[in-house]
Amino acid sequence: MSNRSFNLHLVSDSTGETLNSIARATLARFADPHVIHHRWSLVRSHLQLEQVLEGIKAEPGPVMFTLVDRSLRHSLEEVCQQLGVPCLSVLDPVMDLLQTQLGQQAREKRAAQYVLDADYFRRIDAMHYVLAHDDGQGVAGIEEADCVLVGVSRSSKTPTCFYLANRGIKAANVPIVPTSPLPEELENPPCPVIGLTIDVAALIDIRRHRLKIIGAGGVRQDTNDYVDHEAVKAEIQAARRLCTSHGWPVIDVTRRSIEETAATVLQLMEAWHARRSQGGPKPGGIGA
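Numbering (UniProt numbering), first residue to last: 1 to 288.
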């Protein structure tokens, strides 16, 4: 196994988020890669590109790029060829595939930029919504939600909602508390309601850690219902029965990352809307 390090140049005419995600996902498939990243974002002129080329010449290494301007692309590829370093336009294979399937050419930068701007403001709006509807707040505004997450305390509802907001999804979350009834707004919700559940032992560990953080470590945790094994087990079972009785799908988040949970939420949302558009019954309490 080689531990040789190398330079990797990521060149983008936008924020570089796409390139960073592709590079990160790909490098994760290798064991302890030693990569020196050089990130070049918002490269939109030949003057800016000159700085990039100087950097590549100083520290040669593979180049991955997303540049729409043909002149900039040509200049970058030409210099890389002269230097003998690999140069890859990461979106070209995808663009070629979609252009063939759709029978049309992709739009140029300016038209695409308007879409990005609209998406940006949609995400900001979703983030504001999540902040205003976290942990059962603002239940009257649930009618504006794209989805509602329900579950017992510390079942990752809030971080999942924030991750979804970054995708432009307005996600409210409502805690299921044994001694409190659900808001009446959830009796006939206008959007998918999805339950989150978790293993008893995992939830107790999370809650104990939470108590330490807030300075409540002195609480007799063996008699505190918040972390008592039997009480927590009953709480989780009651929450699951509640979801089943309402026909809400349930995701077990015990061994899932926030990203994986959010991806499953999106799939369940699509299924809900597909069934609703066909006039059929809404999805029931599906384990996921």
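Cβ coordinates follow ideal geometry from the N, Cα and C atoms, glycine included. Keep in mind it's a predicted model, so treat the numbers as computed, not measured.
Nearest-angstrom Cβ-Cβ length linking residue i and residue j, presumed shorter than 8 angstroms
i	j	result
Trp158	Asp135	First, the residue type needs correcting, since residue 158 is Thr and not Trp in the sequence shown. The pair is a contact, with the Cβ atoms about 7 angstroms apart (cut-off 8 angstroms).
Trp248	Val193	5 angstroms
Arg154	Arg207	5 angstroms
Glu143	Pro183	12 angstroms between Cβ atoms; not a contact.
Cys147	Val265	6 angstroms
Asp13	Val68	6 angstroms
Ser156	Thr261	6 angstroms
Glu259	Tyr120	With a Cβ gap of about 20 angstroms, Glu259 and Tyr120 do not count as contacting.
CB of residue i within 8 angstroms of CB of residue j, strictly
i	j	result
Ala126	Lys170	yes
Arg107	Ser89	no
Ile56	His9	yes
Ala145	Ala172	yes
His38	Glu54	no
residue 293	Val63	The structure shown does not extend to residue 293, since the chain spans only 1 to 288, so no value can be given for it.
Val232	Leu186	no
Thr66	Thr26	no
Ser5	Val52	no
Ile176	Leu268	no
Arg122	Gly168	yes
Val139	Ala165	no
Interface flag, residue i vs chain D, CB-CB below 8 angstroms
i	result
Pro178	Any reference to chain D falls outside this structure, which holds one protein chain only.
Heavy atom of the ligand MN within 7 angstroms of residue i beta-carbon
i	result
Leu27	Because no ligand of any kind appears in the structure shown, any question about the ligand MN cannot be addressed here.
Status (buried if at least 16 other CB within 10 Å, exposed otherwise) for residue i
i	result
Leu149	buried
Ile124	exposed
Val11	buried
Gly16	buried
Glu235	buried
Ala28	exposed
Ser277	exposed
Ala31	exposed
Gly215	exposed
Lys212	exposed
His133	buried
Val152	buried
Gly279	exposed
Gly195	buried
Ser245	exposed
One or two residues paired with residue i in a DSSP bridge
i	result
Pro175	Gly151
Phe121	In DSSP, Phe121 forms no bridge with anything.
Val11	Trp40 and Phe65
Val35	Phe6
Leu88	Met64
Is there contact here, the segment 34-48 with the segment 97-107, by at least three beta-carbon pairs under 8 angstroms? The segment 34-48 is not in contact with the segment 97-107.
Could you check whether the segment 181-201 touches the segment 249-268, counting it as contact only if at least three pairs of C-beta atoms, one from each stretch, sit closer than 8 angstroms? These segments touch.
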